[in-house]
Structures are given as structure tokens and as C-alpha cells.
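A quick write-up on the structure given underneath.
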Amino acid sequence: MKDKLPTIPSLSSNSVRLGVLLAVVGGFLDAYTFVSRDGVFANAQTGNIVLFAVKAANEEWEAALHYIPPVLAFILGVLVSQIVKIPHVRELLHSYRRSILILECLVLIFVGILPKSVPNLFVTVCIAFVSSLQISTFNKLDKWNYSSTMTTGNLRTATQAAYSAFIENNQEAKKQFKEFFVIIFSFLLGALIGTFSTKHIGDKSIWIAAGILVVALILYHRDRGYIRKRNC
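Right, dumping it as C-alpha cells:
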């Protein structure tokens, strides 16, 4: 009698497991750019806009301009994520979400290869582009909207769910609270890993984030049926 291979946890585009991996990457990238790239945020464009306003108000124009390119790169990434959803483009790519994960991996690997002489601004632009691709393409956790690259909205949702779960005894809200709590913790974990690895390994620590995306890609690839299991 043939034994079946052990079941490997699989990922759909809105699964908690995929959300965890992407949240770790999101926290990692923000810590990476803040620690090693002039204190610029890769994911949190709110922070960049505020910092731009602060520098501009103090008439520090050169410093203020450093915060503009990441915002523009973020906008470009959102536009790209919309373009790949156009029916004929989507059909050409076969799986636009898989294509986005591959593009994210390639950009992060490329960033790790860059020599130290490359300006920090170029690196933060690349990472802001990756971040916007991720946040625009993977924005569902189970059946709820969430963000894998910033945590403010997730914290609000988790708090509201906690109130409904523990005050109103809402079982659906209890599930939501648990899932969002895991995502928030994963983002925090990613930021911790990003901070320590960047300080001790340097610029090439970005490959850790790329490696996590490769794991996500493999499992997502399998879940979508691109990798077929066979009994032995």
C-alpha cells in the first residue's frame, strides 16, 4: 500500500500563513531602510510625508527632497499592481499574484547586490516600489481587509475586534482578533529581525526578506496547483 506524502500547509492569497510571511517582510523592510538608509521609511509613506513637511517647514529643502522619491515609487507600484489586473495582461501572466511575488524577490535580490557606492535614495525607491506592490496585491486576510506593510490599520481592526469579542461575546470577532494579533506580532518580529540583521550583517541582510518571499512563493505556487504532489 502506497503511503501518502505528509500534508504541507498551503497558502492562498488571503490565508493567515501568507499574511504572516508578508507581514514579517513588511516589518523587516521598514526597519532595514530606517536603520541603514537615512531614516527613510520604505512602507509608511505617511511618515515620509510628515518628515517632508517637517524638513520643508524648517527650510531644509535638500533633506526634504529625500522623502519625495519613495512616495512617487510607491505610487508607481500601485499603478503596476493595477495594470497586471487588466484581463489580457492577467491572462498573459497566468497568475498576477505569483508574478508580483517573483518581482518582489528579484528587486530585493538586486538591492542586495548593489555596491555601497549606490546612493541610499535609489535603494529606498526600489524598496518603496516593492512595498506598494505587496500592499496593493495582497490586501485580504481571510475575508477582512488588512495591510502587510504597515500596522496602524491592523491595530485599529484588532482593537475593535477585541471589544466585540470579549465585551459582546462575538465569536466571529474573536477569530478576527486572533488573526490580526498574529499579523501585528509578525510585523513586529520582522522589524526586530530587520534591525538586528541590518546592524550585524549590513546591506546584504535584505536577502533575508527575499528568502522569506521565496518561501511564500513556493507555498503559494503549490497551493495554486502549479506543483503537483504524487503518491509514492
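Residues in the sequence shown are numbered from 0 upward in steps of one, following numbering that gives the first Met the number 0. Where is the CB? At the ideal position from N, CA and C, for every residue including glycine.
Rounded Cβ spacing between residue i and residue j (contact assumed at less than 8 Å)
{"i": "Glu178", "j": "Val15", "result": "5 Å"}
{"i": "Ala247", "j": "Val24", "result": "Lying outside 0 to 231, the shown extent of the chain, residue 247 is not represented and no answer is given."}
{"i": "Gly189", "j": "Gly26", "result": "3 Å"}
{"i": "Leu21", "j": "Gln175", "result": "Not a contact, Cβ separation roughly 18 Å."}
Where residue i sits in the DSSP three-state scheme
{"i": "Lys139", "result": "strand"}
{"i": "Asn144", "result": "strand"}
{"i": "Glu171", "result": "helix"}
{"i": "Lys84", "result": "coil"}
{"i": "Ile99", "result": "helix"}
{"i": "His220", "result": "helix"}
{"i": "Ser94", "result": "coil"}
{"i": "Val214", "result": "helix"}
{"i": "Pro118", "result": "coil"}
{"i": "Arg36", "result": "coil"}
{"i": "His199", "result": "helix"}
Residue i to residue j span [Cα, whole Å]
{"i": "Arg227", "j": "Ser163", "result": "Because Arg227 carries a pLDDT of 43, less than 50, the predicted location of this residue cannot be relied on, and the following value inherits that uncertainty. Going by the C-alpha atoms only, they are around 41 Å apart."}
{"i": "Cys125", "j": "Leu64", "result": "16 Å"}
{"i": "Val214", "j": "Leu100", "result": "10 Å"}
{"i": "Ile192", "j": "Ser135", "result": "24 Å"}
{"i": "His220", "j": "Pro69", "result": "30 Å"}
{"i": "Pro118", "j": "Ser98", "result": "28 Å"}
{"i": "Thr151", "j": "Asn42", "result": "12 Å"}
Short CB-CB distance (under 8 Å) between residue i and chain C
{"i": "Phe73", "result": "Absent from the structure: chain C. Only one protein chain is present."}
Nearest residue (CA-CA) to residue i, options the options
{"i": "Ile74", "options": "Lys139, Ser131, Asp29, Glu59", "result": "Ser131"}
Counting Cβ pairs, one atom from each stretch, are 3 or more of them under 8 Å apart for the region 87-95 and the region 140-150? The region 87-95 makes no contact with the region 140-150: fewer than 3 CB pairs, one atom from each, lie closer than 8 Å.
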